[in-house]
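Under the numbering used here, residue 1255 is the last one in the sequence shown; the count climbs by one each step, no gaps.
Built from N, CA and C at the ideal position, the CB exists for glycine as well.
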Amino acid sequence: MSLHGRCPIVTASRFTAGYFFMFPFHWLTTLQQQYRSRFRQGARFRQHRSRHACTPCIARATPRHAVELLEDRMLLTAFTVVNTDDSGAGSLRDAIEQANANAGADTISFDAALAGQSILLNNQLRIRDDLTIIGLGSDQLTIDANHNSRIFDVYDGTHRANLHVSISGLTLANGDGFVLPDLENTTPSVGLGGSITYHNSTTGGAIFNYEHLTVSDLVFQDNRARQGGAIFTESGAGATMSVENSVFLRNQASDGGAIYGRSPLTVIDSSFVENQSTNNGGAIYAYTLTVSGSSFTENSAQKSGGAIYHLTGEFQVSDSTFDGNVAGQYGGGIYHSYRQVWNWGGTTIPDRPDAGLRQSVVYLNPTEITNCEFIENSAANGGGIYSVEYIAQQNPAIDSSADPNQIVNTSSSFEFENSFDPQVILRDCSFTGNTAELGGGIFNRSGEMQIILSSFRENSVTGSGGGLCNSGSLKIERSSFAENSANAGGGLLNSGNLLIEANTISGNHADYGGGVYILAGQLALQNSTISGNRAGFIGGGIYSGPNVVHETGVADYLVQDIAEARFNPLYAVDYNSSNSVLSTIEFASSVVPNSLDMDRSTIAITNSTITGNSANSEGGGIYGFSSITNSIVAGNTAQISPQITGAFSENSNIIQDSIQGLLDPVLRDNGGPTKTHALLFGSAAINAGDNAAAEAADLTHDQRGSEFGRIFDDTVDIGAYELHSMSFVVDTNSDIDDGDYSLGQLSLRESIKLANMFSTHDTITFAASLAGQTIILNSELLISDDLTITGLGAEQLTISGNHNSRIFNIDDGDKNTTITVEISGLTLTEGYAENGGAILNNEILSITESTVSASEAILNGGGIYQAAGLLTIADTLFADNRANQDGGGLYNSTQDLEISGGTFLRNVADRNGGGVYTLQGVSSYALHEPSHLSEGISLAYFFPSYDYEYNSVTITDSSFIENSATSGGGVYGGYTGGPLIIDFLSGCDVIIPSVVSQATTSGHSNSEFLLVDIIFMGNTAEYGGAISNSAGLLNLKNSSIQNNSASYAGGGIYNHGRLIIEENTISENTARVGGGIKNSSGNMTIKNSTLSNNTATQYGGGISNLGSLSIINSTLSGNRSGNFGGGVFQYSGGSFVLLPQISLINSEDPSEITSPTNLIDQTLSVFIYPLFATSSSLNIINSTITGNSAEQSGGGIASPPGYNYNTTATITNSIVAGNTAAAFAQVDGPFVYNSNIIQDSIEGLLDPVLRDNGG
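Set out below in C-alpha cells:
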C-alpha cells in the first residue's frame, strides 16, 4: 500500500519497536546539523515522551534504496505531507502527531502536488515538540479551519517556554477561537501568595502560542477570536513571538484584531489590512512590542488603538506606515501607555497584579517611534497617536531602591522627582491628513514626550489642536506644523508644559490661535518661526487663553481625568485679572470639589520670528500675556492690535507693522530641516540682540541647526535667523548700479556686486512684483564669490543678454580656489559671447529648474561653456542655442559634468555636439623627474612618475530632440590625454620612453562618460545623428535612439572610441552607412539591446563595423541596406591612437616654458603621429538576427570578398534566419560558427512580430 505512490505505510507489526524505517533524502544532513544546534538547549527541558514504533512517510538521509535498522536515538526527522486530508497517513495532522512523538527538532514540508489546494480542518492542530513547518508559499497552500476551530495550538503543557517552533509559506484562513471548548486552564504559581490563570480557549483564531514561535511568509485571513483574531501569544515564562514578512487580512477579535501579545512580540516587514477589534487594538494589542518595516492600513477598533494598542512594556516602532486606521475613542493609529512594573519585596512582576495588592513603585520606560508615516488615521482623541502616562489609582509608597523616574507619594496628585526625561520619543515621523476631535496628529494626554525632525501637515480636528494636543510635558525640536486646522489651536494646543525649539509653524488656521493655542501651562518658544497662520477671531500666531479654574482632588479622579478636564474648563477668568477672586462658586453638578486650582498660562519667547499671521479681530501676532526677548513680531495683521494684544515684557525686540527691509517676506529653505525668513541686507535685526539673553536660553545655534551659530559677528541677531550670509531681494528689472539700494531700487547687478564683497555664501531672490518680467542686461554679470540665485520660476522671470553680452561669468579669478554657485528658477536667454553664450563657468556650478535659450557662442558652448570646476544641471531646458564650432547647448572641457532631467531641444553646432559636446579623459597629468637626476646629466633614460586627473561625465533621465551638428547631432563625446606636462626640476636633457600613457580607442577606464535613461529623437548630423563618440569610453544604458539621421555614417550612433551599449532600443534611424550604428575603428559591445527598422542606403542597415564589435543577447530585426549587410556589415579596418599635446615646465620656475626642440631629443617625435591597427573583429553570441534585408547580399550579416581582408567573425548560439537579399540572404562571408540556427525560414522557429515580451 502507498501514499500517492510515494512511500509505503509502515505499521508497528512490520518492524520491531524502537527501530525506524529510513528513506533517501540527501538534503537532510544539513538540516540535522542546523536543528541540532538550534534546539540543543531547549531539549534539556523537554519531558520524556514515548516513541512510536514506526513513522509513516519519514524522510531520512541515507543512500538511495537502502534500509537501515538504527538503535533508538533522537534524530531530526523530516515529514512530507502528501494529501489534504484532515487525518490519517500522509496528512498534516498525522505528520504533526508523529513529530510530537519523535523527541527532537523535526521538520514538515509539503508535496509539490498540493500547490493550489487547501487543507480543511475539523479541529485544531496541537504542536507539542520542536518543529519547523515549511509550506509551498502563501499563494500556493491554505490551511482552512472553516470556522470549526483554531488552526495551531503551540503549547507543550508545561508552564515555561521550552519549544522552538517555526511556521512559514502558508495561508491560515477561517480559524475560530470562539468555537473551541474550554480544553484546559493552567494555573502556575507566581510565589506571591496569589495566582495567575491562563486560558487558551477563545483566544488566537489561527494560532495560540505559549512557546518560542516564529512565523514568516504567511497570510492570516478571516480568522477570529475573543483575543487575537489571528494570533494570541501567552506570557509564559520566557515565551516569545516573531512575525516576519506576513500579511494579516480581515481578522477580528474583541482585543487585538490580528494579534494579541502578552509575551514579547516582534513584527518585521509585515502588512495589516482591514483587521477589526470591538474593543482595543484593531490590528495589534500588545505589552512588549517591536515593529519595523511594516504597514497598517484601514484597521479599526471601536475603542482605542485603530492599528496598535500598547499597554505597558517595551515599545519600539520604526520605518512603518499607518494609513486610514480608525479608533472610536483614542489613537487612530497608535494608543500607547507607559509600562507598569509592580514590585513586591524586590520581586518584579511585569504583568498587572490584582488591584487590591499594594504597589510600591511604578517604573517608566522610553518608547521610540522612528521614521514612520501616519496618514489619514482618525479617532475621537489623537488621530495619529494617543499617548498616556497611566498611573495606578492608589498612591504608591516611596521605595528608596526605586528607579530615578519613580513617582513619589504626595497628598494629592503624583509628581516626578527628576527633571524632564522623555518617555516617548518620536523622530523623523510625518503626520498628514489625520482627523480627531482633539489632537489631529497626536494627543499627548500625560507624561513626557519629545518630538524631533517631524512634520504635521493638513491634519484637522473639530475641537482643539489640529496638529497636536498636549497636556503633559512636551519638547518639539526641528519640526514643522503646516496647514493644520482646528477650532482652537490650528497648529497645536497646549495645557501642559511645552518647549518649542527650532520649529516652523506656518499656514495653520483656527478660530482661536491659528498657530498655537495655550489653554493652560507654560510655553517656551525658542529659535522658531510662526508665520502665515490665520485666526477667525483672536490670536493669529499665538493665543494664550484666560486663567482656567478646574476641579482637583475630586474623589475617584485619576490624573488623566484631570488632564482631560482641562480641555473643558469649569471657569474661565479674564487674562487681565492676574489675581482674580472668586466670591461665589456654583457648580453644574451637585458634586462639591475638594479644592479648586487656577492655571494661568505663561509664554516666554526668545529669538523667534512671528510674522505674516492674521486675525479677524485682534492679536494678529500674539494674544495674551507674554515675555519676549530678541524676537521679531512684525508684519502681522488684525483689526485691533495687529502685532500684540495683552501685556508683555520685552528685551531687544523689533515689534512693528512693516517688514520692509527687515525680513525676506517669503518663507524659504535657507538651510536646516525647517523653512525660515532670512534677514535682508541692512536689516535692523542684524547684530541688534542681547547676547546674555541668548546665552541664558542656552541657544548655541539659530533655527537652522548646528551649522549656523547663534551669535555670529560678535552680537546675536534678533529673530530666529542668524545672518551668516547676506540675503538680497532684487525688486527692480532695471540693470542699474547707482548705489541706491532702497525699496524698489535694488537691481540684480547691484545684488551680485554686494554679494561679491562678502566672504560668506550669500543669497539673491526676487520680489514677487517681478513675476512675468525680463531683466535686460547691458553687459555680463561677474560672480566671484559663493552665491545662490533663486528665481521666481523659469516661466516667471527672464534674464536677457539682448544678443549683446554673456549673462553670467562665474570665476573667482584664482585657479587654486573654487567657489560654489547655485542658480534656479530663471530663464537665461539671448546671451552672446566668444565662449559660453549664456554662462562661462570656472567654478562649482549648479543649475536647477531653469531654461537656457536662444544664446550663441562665436566659438564653443552656445548655452554654457564649462572651462573648469564641476557643473551640475537638473530639470533644465536648453533650447535654440547655437555654437559656431562645438557644443550648441553645452561645451564641457575635461571637467566633471552631471546632468539629470535635462532637455536639449533644437540646439545647433556647426562642428560637433549639437546638444552637448564633452571631452573626457585626463584633464592633466605630469611626469616628474626623479630626484636622483642632477644638473648636467645628459640623455638620462628614466621611467618618470605620473600625476593623473580624470573627469567624469554622467547624463541621466534626459532627452535630446531635433538637435544638429556635423558630428554628434545630440551628443559628441571626445577624448583628450593632455596636456602632457613634463616637469624638469634640474633642467637636464632626457629622452621620454614609450611608457607614456596615450589616449586610444580603448578609452581610459578611469574616465567615464555615462548616458542612462536617455531619449534621442529627430537629431541630425553627418556623422552620428544622435551620438558621436570619438576615442573615449562611453556607456549607454536603458535608452531609446529613434528617428535620428546622418547624411553619411551612423544614423543613430557613430563610434570612434570605446562604446558599451546595454539595454537600449535603436530604431528607425537612417544613414548612408550604418543606419543604426557605424563603428569606425572603435571597440564596441552591444548587450541586451534591440536594433530594429534602421536603414542604410549603402552598407549596414543595423550596424556597419570597421573595428571590434561584440553583440550579446541582442536582437537585430527589420533593418535594411541598399547594398550589403541588412543587419550587420563587417569590413576591414582597425583602431588608431591619439596623442596628447606636450608642454615642458620647470616647477621651480613656473615662468620657464621650454620648447621641445630646446630640451627634448628628436626621438620624442614618434609620439606625435597617430598609430593605426589593421584588424577588425565581429563576435555574435546568443543573439537573434531576423527580418533584415539587403538589396545585394548578406540580408542578415555581410562581410563579402574585397571587404573582409584581415577580419575575424564568429557566430555562437545565435539565430540568423528569415533575412532576405539578392544573394546569401542570411550570411555572406567567412565566419566561424558554433551551435547556431542559420536558415531562410522562421516558420515554427520565431514569432515573426517584434513584440514587448517583457524587459
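request  = Would you identify the three-state DSSP class for L757, choosing helix, strand or coil?
outcome  = Position 757 of the sequence shown, counted from the start, is the residue given in the question as residue 757. The sequence shown places Met at residue 757, rather than the Leu named in the question. Residue state, collapsed to three classes: helix.
Under the three-state DSSP convention, the category F172 falls into = Numbered from its first residue, the sequence shown carries residue 172 at position 172. A quick correction: the sequence has Leu, not Phe, at residue 172. Residue state, collapsed to three classes: strand.
ask   = Can you tell me the Cα-Cα spacing of L570 and I659, whole angstroms?
value = Here residue 570 refers to the residue found at position 570 of the sequence shown. Here residue 659 refers to the residue found at position 659 of the sequence shown. In this prediction, L570 scores a pLDDT of 33, lower than 50, which makes its location untrustworthy; the coordinate-derived value is nonetheless stated afterwards. One Cα belongs to L570, the other to I659, and the distance between them is close to 41 angstroms.
request  = Tell me whether the beta-carbon of V821 lies closer than 9 angstroms to the beta-carbon of I789.
outcome  = Against the sequence shown, residue 821 aligns to sequence position 821. Against the sequence shown, residue 789 aligns to sequence position 789. Against a cut-off of 9 angstroms, the Cβ pair of I789 and V821 comes out as a contact.
ask   = Do you know whose CA, among I207, I151, D144, T214, lies nearest V165's CA?
value = Position 165 of the sequence shown holds residue 165. The candidate whose alpha carbon is nearest that of V165 is T214.
request  = Label K815 either buried or exposed according to how many other C-beta atoms from any shown protein chain fall within 10 Å of its C-beta, with 16 as the threshold for buried.
outcome  = Sequence index remark: in the sequence shown, residue 815 carries index 815 (1-based). With fewer than 16 other CB atoms across the displayed protein chains lying within 10 angstroms of its CB, K815 is exposed.
inquiry  = For K675, tell me which candidate among S138, R478, L781 has the shortest Cα-Cα distance.
reply    = Indexing the sequence shown from 1 puts residue 675 at position 675. That would be R478, whose Cα lies nearest to the Cα of K675.
request  = Given a cut-off of 9 angstroms, decide if G1202 and Q1130 are closer than it, judged by their beta-carbon atoms.
outcome  = Reading the sequence shown from its first residue, position 1130 is the one you call residue 1130. Reading the sequence shown from its first residue, position 1202 is the one you call residue 1202. Annotated as distal: Q1130 and G1202, with beta-carbon spacing of 9 angstroms or more.
request  = Return the bridge partner residues of D106 from the DSSP annotation.
outcome  = Here residue 106 refers to the residue found at position 106 of the sequence shown. L131, per the DSSP bridge assignment.
task = Indicate the three-state DSSP secondary structure (helix, strand or coil) for S751 in the structure shown.
result = Working through the sequence shown from its first residue, we reach residue 751 at position 751. DSSP places S751 within a helical segment (H, G or I) once states are collapsed to three.
DSSP three-state assignment for N691, whether helix, strand or coil = By 1-based counting over the sequence shown, the position of residue 691 is 691. When DSSP states are grouped into helix, strand and coil, N691 belongs to the helix group.
ask   = In chain order, which beta strand (DSSP E) runs of at least 3 residues are fully inside the region 450-522?
value = Listed in chain order, they are 455-457, 460-464, 468-470, 473-477, 480-482, 485-488, 492-494, 497-501, 504-506, 509-512, 516-518.
inquiry  = What would DSSP say about L92, mapped onto helix, strand or coil?
reply    = Numbered from 1 along the sequence shown, position 92 holds the residue referred to as residue 92. Helix at L92.
ask   = What's the C-alpha gap between L743 and V729?
value = As a position in the sequence shown, residue 743 is number 743, starting the count at 1. As a position in the sequence shown, residue 729 is number 729, starting the count at 1. In a straight line, the C-alpha of L743 is about 10 angstroms away from that of V729.
key: Inter-residue Cα distance where the pair is G862 and N503   = Mapped onto the sequence shown, residue 862 falls at position 862. Mapped onto the sequence shown, residue 503 falls at position 503. If you draw a straight line from the Cα of G862 to the Cα of N503, it is about 45 angstroms long.
message = Just to confirm my understanding: we take N881, look at its own chain, exclude 5 residues before and 5 after, and list those with CB closer than 6 angstroms. What are they?
response = Along the sequence shown, one-based indexing puts residue 881 at 881. Around N881: S855, G862, G863, G888, G889, N907.
inquiry  = Run through the DSSP bridge pairs and tell me what A286 is partnered with.
reply    = Here residue 286 is taken as the residue at index 286 of the sequence shown, counted from 1. DSSP lists G261, H310 as partners of A286.
query = When you compare only the Cα positions, how much space is there between A1258 and Y260?
reply = Within the shown structure, residues of the chain are numbered from 1 to 1255, placing residue 1258 beyond reach of any answer.
query = For G619, which option in T637, I632, S626, G440 has the closest C-alpha, if you only look at C-alpha atoms?
reply = Within the sequence shown, the letter at position 619 stands for residue 619. Relative to the Cα of G619, the nearest Cα in the group T637, I632, S626, G440 belongs to T637.
inquiry  = Measuring alpha carbon to alpha carbon, tell me which residue in T763, G324, P642 is nearest G1256.
reply    = Since the first and last residues shown for the chain are 1 and 1255, residue 1256 lies out of range.
ask   = Can you name, in chain order, every residue of its own chain whose Cβ lies under 6 angstroms from the Cβ of I775, other than the five neighbours on each side?
value = Taking the first residue of the sequence shown as 1, we reach residue 775 at position 775. These residues qualify, in order along the chain: N733, L748, I799.
task = Pull up the distance between the alpha-carbon of S294 and that of H724, whole angstroms please.
result = Against the sequence shown, residue 294 aligns to sequence position 294. Against the sequence shown, residue 724 aligns to sequence position 724. So the two alpha carbons sit approximately 42 angstroms from each other.
inquiry  = For F1016, tell me which candidate among Y975, Y865, T966, D957 has the shortest Cα-Cα distance.
reply    = Taking the first residue of the sequence shown as 1, we reach residue 1016 at position 1016. When only C-alpha atoms are compared, the closest one is D957.
task = Work out the CA separation of I133 and G1127 for me, nearest whole Å.
result = Indexing the sequence shown from 1 puts residue 1127 at position 1127. Indexing the sequence shown from 1 puts residue 133 at position 133. Going from the Cα of G1127 to the Cα of I133 covers about 55 angstroms.
query = What is the C-beta distance between Q526 and A697, in whole angstroms, given that I count them as a contact (C-beta under 8 angstroms)?
reply = Sequence index remark: in the sequence shown, residue 526 carries index 526 (1-based). Sequence index remark: in the sequence shown, residue 697 carries index 697 (1-based). Confirmed, Cβ separation roughly 6 angstroms.
query = Leaving out five residues before and five after T611 in sequence, what residues of the same chain have Cβ atoms less than 7 angstroms from its Cβ?
reply = Counted from its first residue, the sequence shown places residue 611 at position 611. Cβ within range, chain order: S531, I632, A634, G635, N636, I659, L663, H677.
ask   = What did DSSP end up calling L1106 once you bin it into helix, strand or coil?
value = Numbered from its first residue, the sequence shown carries residue 1106 at position 1106. In this structure, L1106 counts as strand in the three-state DSSP scheme.
inquiry  = Please return the same chain residues whose Cβ sits closer than 7 angstroms to the Cβ of Q140, not counting the five positions on each side in sequence.
reply    = The residue you call residue 140 lines up with position 140 of the sequence shown. A115, G116, listed in sequence order.
query = Do you know how far the Cα of S850 is from the Cα of S652?
reply = Here residue 652 corresponds to residue number 652 of the sequence shown, with the count starting at 1. Here residue 850 corresponds to residue number 850 of the sequence shown, with the count starting at 1. Taking the straight line joining both Cα atoms gives about 41 angstroms.
inquiry  = Since S292 and D323 should fall inside the 8 angstroms C-beta cutoff, what is the C-beta to C-beta distance between them, to a whole number of angstroms?
reply    = Within the sequence shown, numbered from 1, the residue matching residue 292 stands at position 292. Within the sequence shown, numbered from 1, the residue matching residue 323 stands at position 323. S292 to D323, Cβ: 17 angstroms. No contact.
query = Residues in its own chain within less than 6 angstroms of E780 by CB, not counting five upstream and five downstream?
reply = Taking the first residue of the sequence shown as 1, we reach residue 780 at position 780. Closer than 6 angstroms at Cβ, skipping near neighbours: S805, R806, N809.
message = For T876 and G1082, I'd like the C-alpha separation in whole angstroms.
response = Residue 876 sits at position 876 when you count from the first residue of the sequence shown. Residue 1082 sits at position 1082 when you count from the first residue of the sequence shown. Distance from the CA of T876 to the CA of G1082, rounded to the nearest whole angstrom, comes to 32 angstroms.
request  = State the Cα-Cα distance for the pair T1207 and I1180, rounded to the nearest angstrom.
outcome  = Along the sequence shown, one-based indexing puts residue 1207 at 1207. Along the sequence shown, one-based indexing puts residue 1180 at 1180. T1207 and I1180 have their alpha carbons spaced roughly 14 angstroms apart.
query = For the beta strand (DSSP E) that contains N616, what are its first and last residues?
reply = Numbered from 1 along the sequence shown, position 616 holds the residue referred to as residue 616. N616 -> beta strand (DSSP E) spans 614-618.
request  = Indicate the three-state DSSP secondary structure (helix, strand or coil) for A1096 in the structure shown.
outcome  = In the sequence shown, residue 1096 corresponds to position 1096, counting from 1. Looking at A1096 - three-state DSSP - the assignment turns out to be strand.
task = Whole angstroms is fine: what's the gap from D690's alpha carbon to G914's?
result = Against the sequence shown, residue 690 aligns to sequence position 690. Against the sequence shown, residue 914 aligns to sequence position 914. Straight through space, the alpha carbons of G914 and D690 are spaced by roughly 59 angstroms.
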